[in-house]
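Engineer: Handing you a structure now.
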Amino acid sequence: MAVGRIPAGKHLNRNRLTLGPDAQEIAKTTHWSLLRDADAIAWLVLDRAGESTNTLSEPVMTELETLLGQVEALQPKGLVLRSGKPGGFIAGADIRDFAGVSQRDVVEGRMTQAHALVDRLAALPMPSVAVVHGHCLGGGLELALACRNRIAVEGAVFGFPEVLLGLHPGLGGTFRLPALIEPLEAMKMMLTGKSVHTAKARRLGLVDAVVEERHVVNAVKAAISGELKPTKRGAGLSRFSFYRGFAARRMRSMAAKRAPEEHYPAPHRLIDLWEHHGAGKKEVMQKEEIHSFARLLTGETAQNLIHVFFLRESLKAGGKGASGIAHVHVIGAGTMGGDIAAWCAARGLRVTLSDLNEQALAAAIGRAGKLFDKRLHSGVARRDASDRLTPDFAGDGVKQADLVIEAVAEKAEVKRKVFGMIAPLMKKDAILATNTSSIPLKELRTAVPFPERLLGLHFFNPVARMELVEVVSHDRVSDAALARLAAFCGSIDRLPALVKSSPGFLINRVLTPYLTEAFVMLDEGVQKETIDQAAVSFGMPMGPIELADRVGLDICLEVARTMQSGLDIALPDVPGWLESMVAEGRTGRKAGRGLYTYDRNGEPRKSTKYPEPHSAITDRLILPMLNTCVTCLREGVVGDEKTLEGAMIFATGFAPFRGGPLRYARTRGVEEIVGALERLQAQHGDRFKPDPHWRKLPAN
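Count the sequence shown with this note's numbering and you get residues 1258 to 1957, in order.
Quick look at the structure:
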């Protein structure tokens, strides 16, 4: 144990974090430091070794138990729990400890021990206070809830994202949060997984004070002395079983719409816990929480969603590094171009947006304002984002931009014309990126004198919600430009998927047989609602008919033509009715009418009476996607399975609870998938012919 002293009048400073004035280090472990300041207040600081973010691993918890024993022996005036990481408090459990877990009794044993440790923190004889900056999530929030007070540094974020992993809070959150704040608000936080920012956390009573970093010491003194009274909203009507039963029914109804119980059991188990044990003894709720958490963690859904978590982390890793991109110029102020510009401005970049149509520019700036209002959490942040976004009718921003993004009509000749005009004006090291959704870059690169700096940057609609971006290369792209563009995606909180240029790239290549098979079934007389329900029941966020309308039937038509002309594959002919609908302007949701008609809120008007789909319809939709995924791996359109699986989940919404298309295929059985494709081939034609690469897939 190392012991040392910080010079008088100084604070232990890790990127300006206040960790105790005139503090003496009492104990040091691998991940924790225990200090005592001049006022006899103990500071317990977590700075997990070798990691950029604090998480609660088994060694971290073991060391905490040891140091709590020292705190009890030291008997300070109070205890402060803090993070030594500049980025935040604690991000929750170490998810690596959850992967592959299958023994329920082992999980229950470990969780029981962890609960005993948190209970020990909560039962300390001296006042305790959690000082939270940055993120405070999952198990980190559960540790903070065990303290008497919580002080938030301005900008802190609190949440229970466990539901996104197929779980619910498992370290006391299910009973400590509803006991602290209004129970329905607590349930909303846990059921949605959405975070709350500092101001809302204060309104809810989740924190007792919000301060700037420079005032942390005074706030701590107020908390330890008792001047800062703990906030407790009380149970209110929730203590009555009839009220909890009524509220639980409403919660189940809402949860079922977003997360059907057969696919996502966690929200429903959380509601059960609260309804049946929420007003009872804490010990009973604690035992039931542990039991329920262990059942969920060892279940298929949670393990698949944990797999998805690591797919996301793999994609994120591809976006690390410095891009050197500070100024983005976007050409085309339509829905995609305008929304790309707004998102980049919201994420801190200087953006100029040009279009030949002043009305389109004005509309794009208006949409940007709505995005800033929704996504940014302070008036200053919204003002700054608006200041960074400049409408540029003359297109002067091209000359100063580090990155120029073209988002004009999905026609090669139009894009080449734009490239020819702007290429001479661009800086010598600037990157030119096209937001084409399907046009091979070899058809576009002849229009620029620097093909090594021309890449594809394919965003998906809606830009603010779809995390994935395809970063498209070709055989003349420079490695430096490719790395910079991937890092750019990371800098705007997007997941880059590196793919090679080919018709449709990866996502539209895979979606095309899904959509065209739906069109074939429409021609066969299958009701569109039946087709869509087959996909939704499988776990897709929407069916192929609604998806086609949302993408735009004009875009679908162009992609289908590109695929048919550029690939030697068996695809159904483009239906004549699709060409007619596009010619008539019935292009889908954006036009208010397409395969469905749409209400004023942009919601499709669907019949409630339709035949229930059977498994053959589902296989006709899903198996061509899986087959094309394997083809893309074989052809090298995508370099590895992790990128493929992650791209499919984060761009198409492929049933996350199934863990990805190839994980689903292996779970169902590769031989069974190949056999089903062969049966469909015999019945419907060669578009279902299994790719030969199925036989070469590794077992895992």
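For every residue, glycine included, the Cβ atom is placed at its ideal position computed from N, Cα and C.
From a predicted model like this one, the values you see are computed outputs, not experimental measurements.
#1: If you measure between the beta carbons of Ala-1840 and Val-1831, is that distance less than 8 Å?
#2: Asn-1406 by DSSP, collapsed to three states: which one?
#3: Using DSSP's beta-bridge definition, name the partner residues of Trp-1289.
#4: Could you please give the first and the last residue of the uninterrupted alpha helix (DSSP H) stretch that includes Arg-1238?
#5: Quick one: residues in its chain with C-beta nearer than 8 Å to the C-beta of Pro-1333, no 5 flanking neighbours on either side, listed in chain order?
#6: Do you know whose CA, among Trp-1600, Val-1302 and Arg-1273, lies nearest Lys-1980's CA?
#7: Exposed or buried, what is Met-1678 when buried is set at 16 or more other beta-carbons lying within 10 Å of its beta-carbon?
#8: So, helix, strand or coil for Pro-1316, using DSSP?
#9: So Pro-1440 is in the alpha helix (DSSP H); what residue range does that whole segment cover?
#10: Rounding to the nearest angstrom, what Cα-Cα distance links Leu-1878 and Gly-1845 in this structure?
#11: Are Ile-1812 and Ile-1802 touching if we call contact CB-CB under 8 Å?
#12: Would you report the Cα separation of Arg-1471 and Ala-1295, rounded to the nearest angstrom?
#13: Whole angstroms is fine: what's the gap from Lys-1750's alpha carbon to Phe-1716's?
#14: Between Tyr-1867 and Gln-1790, what straight-line distance do the alpha-carbon atoms span, to the nearest angstrom?
#15: Does DSSP put Arg-1952 in a helix, in a strand, or in coil?
#16: Suppose the cutoff is 7 Å on Cβ atoms and the five residues either side in sequence are ignored; what does the same chain contact list for Val-1364 look like?
#17: What distance in whole Å lies between the Cβ atoms of Ile-1597 and Val-1661, which are believed to be in contact at a cut-off of 8 Å?
#18: Looking only at its own chain, which residues have a Cβ that is under 8 Å from the Cβ of Glu-1892, when we skip the five neighbours before and after it?
#19: Leu-1712 and Ile-1688 - do their beta-carbons sit closer together than 8 Å?
#20: Is the shortest distance between the beta-carbon of Met-1511 and the beta-carbons of chain C less than 8 Å?
#21: Select from Phe-1650, His-1634 and Gly-1594 the residue whose C-alpha is nearest the C-alpha of Ser-1613.
#22: Within this structure, are the beta carbons of Leu-1394 and Gly-1416 separated by less than 8 Å?
#23: With the cut-off set at 8 Å, would you say Pro-1753 and Gly-1910 are in Cβ contact?
#24: Can you name, in chain order, every residue of its own chain whose Cβ lies under 7 Å from the Cβ of Val-1705, other than the five neighbours on each side?
#25: Could you give the DSSP three-state label for Gly-1391: helix, strand or coil?
#26: Just to confirm the assignment, what range does the alpha helix (DSSP H) spanning Val-1464 have?
#27: From Leu-1509 to Val-1420, what does the alpha carbon distance come to, in whole angstroms?
#28: In whole angstroms, give me the CA-to-CA distance for Asp-1724 and Leu-1381.
#29: Using the C-alpha atoms, what's the distance from Ala-1379 back to Met-1593?
#30: So what does Leu-1712 bridge to, in DSSP terms?
#31: Measuring only the C-alpha atoms, how far is Ala-1513 from Ser-1309?
#32: Run through the stretch 1745-1794 for me and flag every whole alpha helix (DSSP H) of 4 or more residues, listed as ranges in chain order.
#33: With distances taken from CA atoms, which of Leu-1428, Gly-1345 and Arg-1460 is nearest Glu-1442?
#34: Return the chain-ordered list of same chain residues with a C-beta closer than 8 Å to the C-beta of Gln-1543, the five sequence neighbours on each side being excluded.
#35: I need the straight-line Cα distance from Ala-1933 to Gly-1903, nearest angstrom please.
#36: Looking only at its own chain, which residues have a Cβ that is under 6 Å from the Cβ of Lys-1267, when we skip the five neighbours before and after it?
Structural biologist: According to the data block:
#1: Taking the first residue of the sequence shown as 1, we reach residue 1840 at position 583. Taking the first residue of the sequence shown as 1, we reach residue 1831 at position 574. The beta carbons of Ala-1840 and Val-1831 sit no closer together than 8 Å.
#2: Working through the sequence shown from its first residue, we reach residue 1406 at position 149. For Asn-1406, the secondary structure class from DSSP, reduced to helix, strand or coil, is strand.
#3: Reading the sequence shown from its first residue, position 32 is the one you call residue 1289. The partner list for Trp-1289 (beta bridge, DSSP) reads Leu-1303.
#4: With the chain represented from 1258 up to 1957, any question about residue 1238 goes unanswered, as that position is not in the structure.
#5: By one-based count along the sequence shown, residue 1333 stands at place 76. Arg-1293, Ala-1297, Ile-1298, Ala-1299 and Met-1383, listed in sequence order.
#6: Residue 1980 lies beyond the residue range present for the chain, which begins at 1258 and ends at 1957; the question has no answer from this structure.
#7: For the purposes of this step, residue 1678 is taken as residue 421 along the sequence shown, with counting starting at 1. By the neighbour-count rule (16 or more Cβ atoms within 10 Å), Met-1678 is not buried but exposed.
#8: Looking up residue 1316 in the sequence shown gives position 59. Residue state, collapsed to three classes: helix.
#9: Locating residue 1440 in the sequence shown gives position 183, where the first residue counts as 1. Where Pro-1440 is concerned, the enclosing alpha helix (DSSP H) stretches over 1440-1449.
#10: As a first step, residue 1878 is located in the sequence shown; it is residue number 621 there, counting from the start. As a first step, residue 1845 is located in the sequence shown; it is residue number 588 there, counting from the start. Separation of Leu-1878 and Gly-1845 (C-alpha to C-alpha, rounded to the nearest whole angstrom) is 20 Å.
#11: Here residue 1812 corresponds to residue number 555 of the sequence shown, with the count starting at 1. Here residue 1802 corresponds to residue number 545 of the sequence shown, with the count starting at 1. No Cβ-Cβ contact shorter than 8 Å links Ile-1812 with Ile-1802.
#12: Residue 1471 sits at position 214 when you count from the first residue of the sequence shown. Residue 1295 sits at position 38 when you count from the first residue of the sequence shown. Straight-line Cα distance between these residues: approximately 17 Å.
#13: By 1-based counting over the sequence shown, the position of residue 1750 is 493. By 1-based counting over the sequence shown, the position of residue 1716 is 459. A quick correction: the sequence has Asp, not Lys, at residue 1750. C-alpha separation (whole angstroms): 13 Å.
#14: By one-based count along the sequence shown, residue 1867 stands at place 610. By one-based count along the sequence shown, residue 1790 stands at place 533. Cα-Cα distance, rounded: 9 Å.
#15: Reading the sequence shown from its first residue, position 695 is the one you call residue 1952. If DSSP states are grouped into helix, strand and coil, Arg-1952 belongs with the helices.
#16: Numbered from its first residue, the sequence shown carries residue 1364 at position 107. Closer than 7 Å at the Cβ level, and outside the excluded window around Val-1364, lie Val-1358, Ala-1551, Leu-1554 and Thr-1555.
#17: Within the sequence shown, the letter at position 404 stands for residue 1661. Within the sequence shown, the letter at position 340 stands for residue 1597. Incorrect: roughly 12 Å between the Cβ atoms, too far for contact.
#18: As a first step, residue 1892 is located in the sequence shown; it is residue number 635 there, counting from the start. For Glu-1892, where only same-chain residues beyond five positions count, the Cβ hits under 8 Å are Ser-1759.
#19: Position 431 of the sequence shown, counting from 1, holds the residue named residue 1688. Position 455 of the sequence shown, counting from 1, holds the residue named residue 1712. Yes. Within cutoff.
#20: Of the chains in the structure shown, none is chain C; there is only one protein chain.
#21: The residue given as residue 1613 occupies position 356 in the sequence shown. Before going on, a small fix: residue 1613 reads as Leu here, not Ser. Ranking Phe-1650, His-1634 and Gly-1594 by Cα distance to Leu-1613 puts Phe-1650 first.
#22: Walking along the sequence shown from the start, residue 1394 turns up at place 137. Walking along the sequence shown from the start, residue 1416 turns up at place 159. Contact: yes.
#23: Along the sequence shown, read from residue 1 onward, the residue named residue 1753 stands at position 496. Along the sequence shown, read from residue 1 onward, the residue named residue 1910 stands at position 653. Contact: no.
#24: Taking the sequence shown and counting its residues from 1, the one referred to as residue 1705 is at position 448. Excluding sequence neighbours, Val-1705 sits near Phe-1676, Ala-1680, Leu-1689 and Leu-1711.
#25: Within the sequence shown, the letter at position 134 stands for residue 1391. Strand.
#26: On the sequence shown, residue 1464 is found 207 positions in, with the first residue counted as 1. No alpha helix (DSSP H) holds Val-1464; DSSP gives it neither H nor E.
#27: Working through the sequence shown from its first residue, we reach residue 1509 at position 252. Working through the sequence shown from its first residue, we reach residue 1420 at position 163. The identity of residue 1509 in the sequence shown is Arg, whereas the question assumes Leu. A direct Cα-Cα distance of roughly 14 Å separates Arg-1509 from Val-1420.
#28: Counting from one through the sequence shown, the residue named residue 1724 turns up at place 467. Counting from one through the sequence shown, the residue named residue 1381 turns up at place 124. Going by the sequence as given, residue 1724 is Glu instead of Asp. Cα to Cα, Glu-1724 sits roughly 43 Å from Leu-1381.
#29: Counting from 1 along the sequence shown, the entry for residue 1593 is found at position 336. Counting from 1 along the sequence shown, the entry for residue 1379 is found at position 122. Roughly 50 Å separates the two Cα atoms.
#30: Counted from its first residue, the sequence shown places residue 1712 at position 455. The partner list for Leu-1712 (beta bridge, DSSP) reads Ala-1690.
#31: Looking up residue 1513 in the sequence shown gives position 256. Looking up residue 1309 in the sequence shown gives position 52. Going by the C-alpha atoms only, they are around 37 Å apart.
#32: Secondary structure within the stretch 1745-1794: the alpha helix (DSSP H) runs of 4 or more consecutive residues, fully enclosed, are 1764-1780 (chain order).
#33: Counted from its first residue, the sequence shown places residue 1442 at position 185. Comparing alpha-carbon positions, the option among Leu-1428, Gly-1345 and Arg-1460 lying closest to Glu-1442 turns out to be Arg-1460.
#34: Stepping through the sequence shown from its first residue, residue 1543 is reached at position 286. Its chain contains His-1372, Gly-1429 and Phe-1432 as the residues whose beta carbon lies nearer than 8 Å to that of Gln-1543, once the 5 sequence neighbours on both sides are disregarded; these appear in chain order.
#35: Taking the first residue of the sequence shown as position 1, residue 1933 is located at position 676. Taking the first residue of the sequence shown as position 1, residue 1903 is located at position 646. Rounded to the nearest whole angstrom, the C-alpha separation of Ala-1933 and Gly-1903 is 25 Å.
#36: Position 10 of the sequence shown holds residue 1267. Since pLDDT at Lys-1267 reaches only 37, below the 50 mark, its modelled position is unreliable, and the value read off the structure follows with that caveat. If you ignore the 5 residues before and after Lys-1267, its C-beta comes within less than 6 Å of no other C-beta in its own chain.
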